[in-house]
Amino acid sequence: GDTERKFTDREFQSLKDEIDRIANGTEFNGTPLLNGRAGILEFQVGTRNNPILDRIVYNGENANSTLAALKLGGESVATKLGSQTSLAVIDDALVQVNSIRSDLGAMQNRLQSTINNLAVADENLSAANSRIRDTDVAEESAELTRNNILLQAGTAVLAQANFASKLALKLLE
């Protein structure tokens with residue numbers, strides 16, 4: 264009856280207040296996100312400075328989910344007529360919130376895709392860097408081996424020369 268409707272209306276009013284609190288209080292790094300005051304946000308995501316290819320632009324003015332923007336002000340569900348009237352307003356607000364959510368979801372997908380692409384590029388760059396460094400180590404190792412072989416060959420030649428001169432001295436004795 265009427266008593267239950269009044270209790271439901273109190274909950275409804277509290278939920279509206281919470282929606283407004285969340286819309287006005289949600290921020291990141293001091294930038295409000297859900298009250299339409301964020302303005303135009305540009306995210307540099309590419310390696311160059313091309314405004315079309317290397318930036319993602321988000322219009323935070325379209326993400327206004329305050330009660331005023333959703334046109335949820337004086338609605339009440341305390342009466343049957345008030346409940347019926349509120350349904351149309353709530354439906355319109357849901358359409359607007361779903362539009363904001365889809366914009367945010369699309370932005371999130373673009374950013375996630377960019378993050379994934381940058382991670383692959385970073386991994387490829389690290390692999391290329393490693394191959395370059397490994398190539399230098401292999402080249403230096405080969406050079407060291409070549410020098411060791413030359414040193415050993417030179418030592419062997421000197422040993423043979425010393426042996427030949429000792430043999431000649433023995434024959435002369």
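According to my numbering, the sequence shown holds residues 264 to 436 in order.
Beta carbons are placed, not taken as given, at the ideal position from N, Cα and C, and that holds for glycine.
(message) Per DSSP, what are the beta-bridge partners of P295 in this structure?
(response) As a first step, residue 295 must be located in the sequence shown, where it is residue number 32. As computed with DSSP, P295 is found in a beta bridge with E290.
(request) Specify the secondary structure class of E338 as computed by DSSP and reduced to three states. (result) As a first step, residue 338 must be located in the sequence shown, where it is residue number 75. Coil, per DSSP.
(request) Starting from the N-terminal side, write out each stretch of the beta strand (DSSP E) that is 3 residues or longer and does not extend beyond the segment 315-365. (result) Segments of the beta strand (DSSP E) lying fully in the segment 315-365: 318-322.
(request) Run the CB neighbour count on V420, radius 10 Å, all protein chains shown included, and call it buried at 16 or more, exposed below. (result) As a first step, residue 420 is located in the sequence shown; it is residue number 157 there, counting from the start. With fewer than 16 other beta carbons inside 10 angstroms of its own, V420 counts as exposed.
(message) By alpha-carbon positions, which one of A331, T310 and F306 ends up nearest to V320?
(response) Residue 320 sits at position 57 when you count from the first residue of the sequence shown. Ranking the options by Cα distance to V320, first place goes to F306.
(message) Using 9 Å as the threshold, is the C-beta distance between L350 and N322 below it?
(response) Within the sequence shown, residue 350 is the residue found at index 87, counting from 1. Within the sequence shown, residue 322 is the residue found at index 59, counting from 1. Not in contact: L350 and N322 (Cβ atoms no closer than 9 Å).
(message) Quick check: is the beta carbon of T408 nearer than 9 Å to any beta carbon in chain D?
(response) The structure shown contains no chain D; it is built from a single protein chain.
(request) Closer than 7 Å by C-beta to V352: which residues in its own chain qualify, once you throw out the five before and the five after it? Chain order, please. (result) Residue 352 sits at position 89 when you count from the first residue of the sequence shown. These residues qualify, in order along the chain: K334, L335 and E338.
(message) For the structure I just gave you, are there three or more beta carbon pairs, one from the segment 338-347 and one from the segment 266-273, closer than 8 Å?
(response) Result yes; three or more Cβ-Cβ pairs closer than 8 Å.
(message) When you compare the CB positions of L330 and D283, do they come within less than 9 Å of one another, or not?
(response) For this step, residue 330 is matched to residue 67 along the sequence shown. For this step, residue 283 is matched to residue 20 along the sequence shown. The answer is yes: Cβ separation under 9 Å.
(request) Alpha carbon to alpha carbon, how far is N387 from N327? Give it in angstroms, no decimals. (result) Your numbering for residue 327 matches position 64 in the sequence shown. Your numbering for residue 387 matches position 124 in the sequence shown. Distance between the alpha carbons of N327 and N387 is about 41 Å.
(message) Is it buried or exposed, F426, if we count other Cβ atoms within 10 angstroms and call 16 or more buried?
(response) Locating residue 426 in the sequence shown gives position 163, counting from the first residue. Exposed, by the Cβ-count rule.
(message) Measuring straight from C-alpha to C-alpha, what distance separates T377 and V308?
(response) Walking along the sequence shown from the start, residue 377 turns up at place 114. Walking along the sequence shown from the start, residue 308 turns up at place 45. The alpha-carbon atoms of T377 and V308 are separated by roughly 7 Å.
(request) Inspect the beta-carbon positions of D385 and V340 and report whether they are closer than 9 Å. (result) By one-based count along the sequence shown, residue 385 stands at place 122. By one-based count along the sequence shown, residue 340 stands at place 77. Their beta carbons are not under 9 Å apart, which means D385 does not touch V340 by this criterion.
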